[in-house]
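Visitor: Dumping the structure here so I can ask a few things about it.
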Amino acid sequence: MNKIRVRYAPSPTGYLHIGGARSALFNYLFAKHNHGDFILRIEDTDVARNIEGAIESQTNDLKWLGIIPDESMDNPNPQCGPYRQMEKLDIYQKFCDLLIEKGYAYECFCSSEDLAKSKEEQLSRGISSPRYDRRCLKLSKEEKEELKVKGIKPAIRLKMPHNEVLEFDDMVRGKMSFKSDDIGDFVIMKSNGIPTYNFAVVIDDYMMKISHVLRGEEHLSNTPKQLQIYKYLGIEPPIFGHLSIITNERGKKLSKRDHDIRQFIEEYRKAGYLKEAIFNFLFLLGFSPEGENEIYSKEEAIKIFDINHLSSAPSMFDNKKLNWMNSYYIKNMSSDDYLNFVKDYVLEEYRLISQEKLDYLLLLFKSEIKSANEVNKLLDELFHFHSLSEEQKEFLNLDSSKIVLNKFLEKIYNIEDFSKEKVNVIFKEIMAETSLKGKFVYMPIRLKLTGLEHGIEIYNILYALGKEEIYRRISSN
Ligand code: GLU
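Position one of the sequence shown corresponds to residue 19 (the numbering used here), numbered consecutively onward.
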């Protein structure tokens, strides 16, 4: 069997999306499981949609996830490159000329207005999926010359065969079959000399010796078009597989409008998700391993990856599961690794806190946070006073509250540092001296210190704020 060679072929139209990252990951796992090659190539022929910096940012995000290509623009194999489509326009042109020469493709001079008119006319005749009417196929050599002299540059269309069936065995969804008559003569080369996706992808996959194409379901209807090009060129197509769609929790295809779901890997990185958690989560987004285990390292994922276990049913993006997974990985970090990781996310204003105190607090939050940037919310709860409701103000105005607060100030006067034990002793004494209990003892102090009714244990608040600040907050009105 030939070496397995797969590819991830993003268009540089934006950041790395979770759907793209999942395609990249499955291709990578498939290659690594089979000791094959994983190739990164850039499909940038849709020039108007290309965004500056997108290649770099997508490449960085893949690298961050540990999805490292064996071949790419940065690490090319001279026999298979270039790895960026716009650098090989002359190669596409040669293949295009070959198809014209063999009579499998032809020049089309129609303007977009001509095409729109024809489409409308077909629709009015009740044809629900209008196709190109092949009017340029009938042009004589002289007519074509005349049009060219007028300065009209032709696009090139593939001449689809009549009454044929295009079939393939999809690795994920089994036998797929399409009628050639349902596919119109589509453009393979635009009039500006830039190939369309369906054409360029075939030439690239062929030249890069791609053995398997695993990509998103949205490309399913493109596959018969590509198969026809392979047929005309007389080359063996790769084996295809189309991954299921990713849905939101309501079962609808994930869209940019789903604001409650972060859609780009970059966003997760910035919010303080660990690459191991994202990797693990994406791995289970469409792959079902045997057994109940949900935690997989990269090495384990490579080991157990099986192309036959990819699900053809939609995969739901479960935000709660991702958060659970990230907190699982955070909890399992060593203290040092954890501190190194979260410190980068701590806002500037909290970096003024002494190193010892900050480390102590960050470690307290380790079991609570779902992502690193959440430490700021917890630090905020501690250090920023939150305004009180009328009800809370009334509670603080009770005689009992005033007594507790006075006693508390008196008692901490001689204390240097706030250990759990010392603070417990103070509260016990206050209870004994006032006969008050529970909420009536703890709540006035908590409210006066933070303005919040709940949060981390009081002795941690005391330690965090320090004596001076405690005095200031408790004595303030
Ligand atoms: N450039 C295409 C995309 O971003 C890749 C399609 C393919 O893998 O063939 O969707």
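The C-beta atom is built at its ideal place from N, Cα and C for all residues, glycine as well.
Using alpha carbons as the reference points, say which of 60, 348, 51 and 46 lies closest to residue 321.
Guide: Indexing the sequence shown from 1 puts residue 321 at position 303. Comparing Cα-Cα distances from residue 321 to each of 60, 348, 51 and 46, the minimum goes to 51.
Visitor: For residue 193, which beta-bridge partners are listed by DSSP?
Guide: The count along the sequence shown starts at 1 and reaches residue 193 at position 175. Answer is 187, bridged to residue 193.
Visitor: Quick one, which of 441, 419 and 463 has its alpha-carbon nearest residue 452's?
Guide: Indexing the sequence shown from 1 puts residue 452 at position 434. Per the Cα distances, 419.
Visitor: Could you check how far apart the C-beta atoms of residue 256 and residue 231 are, in whole angstroms? I think they sit under 8 angstroms.
Guide: The residue given as residue 256 occupies position 238 in the sequence shown. The residue given as residue 231 occupies position 213 in the sequence shown. Indeed they touch by this definition, with Cβ atoms about 5 angstroms apart.
Visitor: In whole angstroms, give me the CA-to-CA distance for residue 38 and residue 273.
Guide: Within the sequence shown, numbered from 1, the residue matching residue 38 stands at position 20. Within the sequence shown, numbered from 1, the residue matching residue 273 stands at position 255. Distance between the alpha carbons of residue 38 and residue 273 is about 13 angstroms.
Visitor: Taking 8 angstroms as the cut-off, does the segment 310 to 321 touch the segment 293 to 301 (at least 3 CB pairs, one atom from each stretch)?
Guide: With a cut-off of 8 angstroms, the segment 310 to 321 and the segment 293 to 301 count as touching, because enough Cβ pairs lie within range.
Visitor: For residue 271, which beta-bridge partners are listed by DSSP?
Guide: As a first step, residue 271 must be located in the sequence shown, where it is residue number 253. For residue 271, which the question treats as bridged, DSSP gives the partners 265.
Visitor: Look up residue 482 in the DSSP assignment and say whether it is helix, strand or coil.
Guide: Stepping through the sequence shown from its first residue, residue 482 is reached at position 464. In the structure shown, residue 482 sits in a helix (DSSP, three-state: H, G or I).
Visitor: Note down, in chain order, each residue of its chain lying with its Cβ closer than 8 angstroms to the Cβ of residue 459, except the 5 sequence neighbours on either side.
Guide: The residue you call residue 459 lines up with position 441 of the sequence shown. Hits under 8 angstroms: 422, 445, 448, 449 and 452.
Visitor: Return yes when the C-beta of residue 190 is under 6 angstroms from any heavy atom of ligand 1, and no when it is not.
Guide: For this step, residue 190 is matched to residue 172 along the sequence shown. No.
Visitor: Taking only three categories from DSSP, how would you classify residue 98?
Guide: Taking the sequence shown and counting its residues from 1, the one referred to as residue 98 is at position 80. Here residue 98 sits in coil by DSSP.
Visitor: Answer yes or no: do residue 195 and residue 179 have a C-beta to C-beta separation smaller than 7 angstroms?
Guide: Numbered from its first residue, the sequence shown carries residue 195 at position 177. Numbered from its first residue, the sequence shown carries residue 179 at position 161. For residue 195 and residue 179, no; Cβs fall outside 7 angstroms.
Visitor: What whole-angstrom Cβ distance do residue 118 and residue 170 have, given they're in contact under 8 angstroms?
Guide: In the sequence shown, residue 118 corresponds to position 100, counting from 1. In the sequence shown, residue 170 corresponds to position 152, counting from 1. Their Cβ separation, rounded to whole angstroms, is 17 angstroms, which puts residue 118 and residue 170 out of contact at 8 angstroms.
Visitor: Between which two residues does the beta strand (DSSP E) holding residue 125 run?
Guide: Against the sequence shown, residue 125 aligns to sequence position 107. Unbroken beta strand (DSSP E) run through residue 125: 123 to 126.
Visitor: Among 440, 437, 484 and 495, which residue has its Cα nearest to the Cα of residue 465?
Guide: For the purposes of this step, residue 465 is taken as the residue at position 447 of the sequence shown. Taking only the C-alpha atoms, the option nearest residue 465 is 495.
Visitor: What's the gap between the Cα of residue 243 and the Cα of residue 284?
Guide: Position 225 of the sequence shown, counted from the start, is the residue given in the question as residue 243. Position 266 of the sequence shown, counted from the start, is the residue given in the question as residue 284. Cα to Cα, the separation comes out at about 34 angstroms.
Visitor: Are the CB atoms of residue 403 and residue 469 within a distance shorter than 7 angstroms?
Guide: To locate residue 469, count along the sequence shown from 1; it is residue 451. To locate residue 403, count along the sequence shown from 1; it is residue 385. Result yes, Cβ atoms of residue 469 and residue 403 sit closer than 7 angstroms.
Visitor: Helix, strand or coil for residue 278 per DSSP?
Guide: Taking the sequence shown and counting its residues from 1, the one referred to as residue 278 is at position 260. Reduced to three states, the DSSP call for residue 278 is coil.
Visitor: In or out: residue 303 buried (at least 16 other Cβ within 10 Å) or exposed?
Guide: Numbered from its first residue, the sequence shown carries residue 303 at position 285. Buried, because 16 or more other Cβ atoms sit within 10 Å of the Cβ of residue 303.
Visitor: Got a sec: does ligand 1 put a non-hydrogen atom nearer than 6 angstroms to the Cβ of residue 39?
Guide: Locating residue 39 in the sequence shown gives position 21, where the first residue counts as 1. Not under cutoff, so the answer is no.
Visitor: For the segment 305 to 312 against the segment 328 to 344, are there 3 or more C-beta pairs whose distance is under 8 angstroms?
Guide: Enough Cβ pairs lie closer than 8 angstroms, so yes.
Visitor: Quick one: residues in its chain with C-beta nearer than 7 angstroms to the C-beta of residue 99, no 5 flanking neighbours on either side, listed in chain order?
Guide: Reading the sequence shown from its first residue, position 81 is the one you call residue 99. Here the set comprises nothing.
Visitor: Could you tell me the alpha carbon to alpha carbon distance between residue 431 and residue 485, rounded to whole angstroms?
Guide: As a working note, residue 431 is residue 413 in the sequence shown. As a working note, residue 485 is residue 467 in the sequence shown. Going from the Cα of residue 431 to the Cα of residue 485 covers about 8 angstroms.
Visitor: Residue range of the beta strand (DSSP E) that residue 56 falls in?
Guide: Residue numbering aside, residue 56 sits at position 38 when the sequence shown is read from its first letter. Looking at the DSSP string, the run of the beta strand (DSSP E) that includes residue 56 is 55 to 58.
Visitor: When burial is assigned at 16 or more other CB atoms within 10 Å of the CB, is residue 455 buried or exposed?
Guide: As a first step, residue 455 is located in the sequence shown; it is residue number 437 there, counting from the start. Exposed, because fewer than 16 other Cβ atoms sit within 10 Å of the Cβ of residue 455.
Visitor: DSSP has residue 93 in a bridge; who is on the other side?
Guide: The residue you call residue 93 lines up with position 75 of the sequence shown. 90.
Visitor: Specify the secondary structure class of residue 225 as computed by DSSP and reduced to three states.
Guide: Walking along the sequence shown from the start, residue 225 turns up at place 207. The answer is helix: DSSP assigns residue 225 an H, G or I state.
Visitor: Please report the straight-line C-alpha distance between residue 399 and residue 467, rounded to a whole angstrom.
Guide: Working through the sequence shown from its first residue, we reach residue 399 at position 381. Working through the sequence shown from its first residue, we reach residue 467 at position 449. Roughly 10 angstroms between the two C-alpha positions.
Visitor: Go through its chain and collect everything with a Cβ distance to residue 333's Cβ below 6 angstroms, but skip five positions before and after it.
Guide: Taking the first residue of the sequence shown as position 1, residue 333 is located at position 315. Contacts found: 262, 264, 303 and 304.
Visitor: If you count every other CB in all the chains shown that lies within 10 Å of the CB of residue 103, and 16 or more means buried, which is it?
Guide: Here residue 103 is taken as the residue at index 85 of the sequence shown, counted from 1. Residue 103 comes out buried.
Visitor: Look at the Cβ atom of residue 389, then the Cβ atom of residue 289, and state whether they are nearer than 7 angstroms.
Guide: In the sequence shown, counting from the first residue as 1, residue 389 sits at position 371. In the sequence shown, counting from the first residue as 1, residue 289 sits at position 271. Yes. Within cutoff.
Visitor: Specify, as a first and last residue, the run of the alpha helix (DSSP H) that residue 295 falls within.
Guide: Translated into positions along the sequence shown, residue 295 becomes position 277. 293 to 301 is the extent of the alpha helix (DSSP H) around residue 295.
Visitor: Enumerate, from N- to C-terminal direction, the unbroken alpha helix (DSSP H) stretches of 4 or more residues contained entirely within the segment 442 to 495.
Guide: Qualifying alpha helix (DSSP H) stretches, in chain order: 457 to 468 and 476 to 493.
Visitor: List the whole-angstrom C-beta distance separating residue 204 from residue 172, where the pair is believed to meet the contact cut-off of C-beta under 8 angstroms.
Guide: What you label residue 204 is simply residue 186 of the sequence shown in a count that begins at 1. What you label residue 172 is simply residue 154 of the sequence shown in a count that begins at 1. The pair is not a contact, with the Cβ atoms about 15 angstroms apart (cut-off 8 angstroms).
Visitor: Exposed or buried, which one is residue 53 when buried takes at least 16 other CB atoms within 10 Å?
Guide: The residue labelled residue 53 in the question sits at position 35 within the sequence shown. Residue 53 comes out exposed.
Visitor: Could you give the distance in angstroms between the alpha-carbon of residue 240 and the alpha-carbon of residue 220?
Guide: Start at 1 with the first residue of the sequence shown, and residue 240 comes out as number 222. Start at 1 with the first residue of the sequence shown, and residue 220 comes out as number 202. Computed Cα separation, rounded: 11 angstroms.
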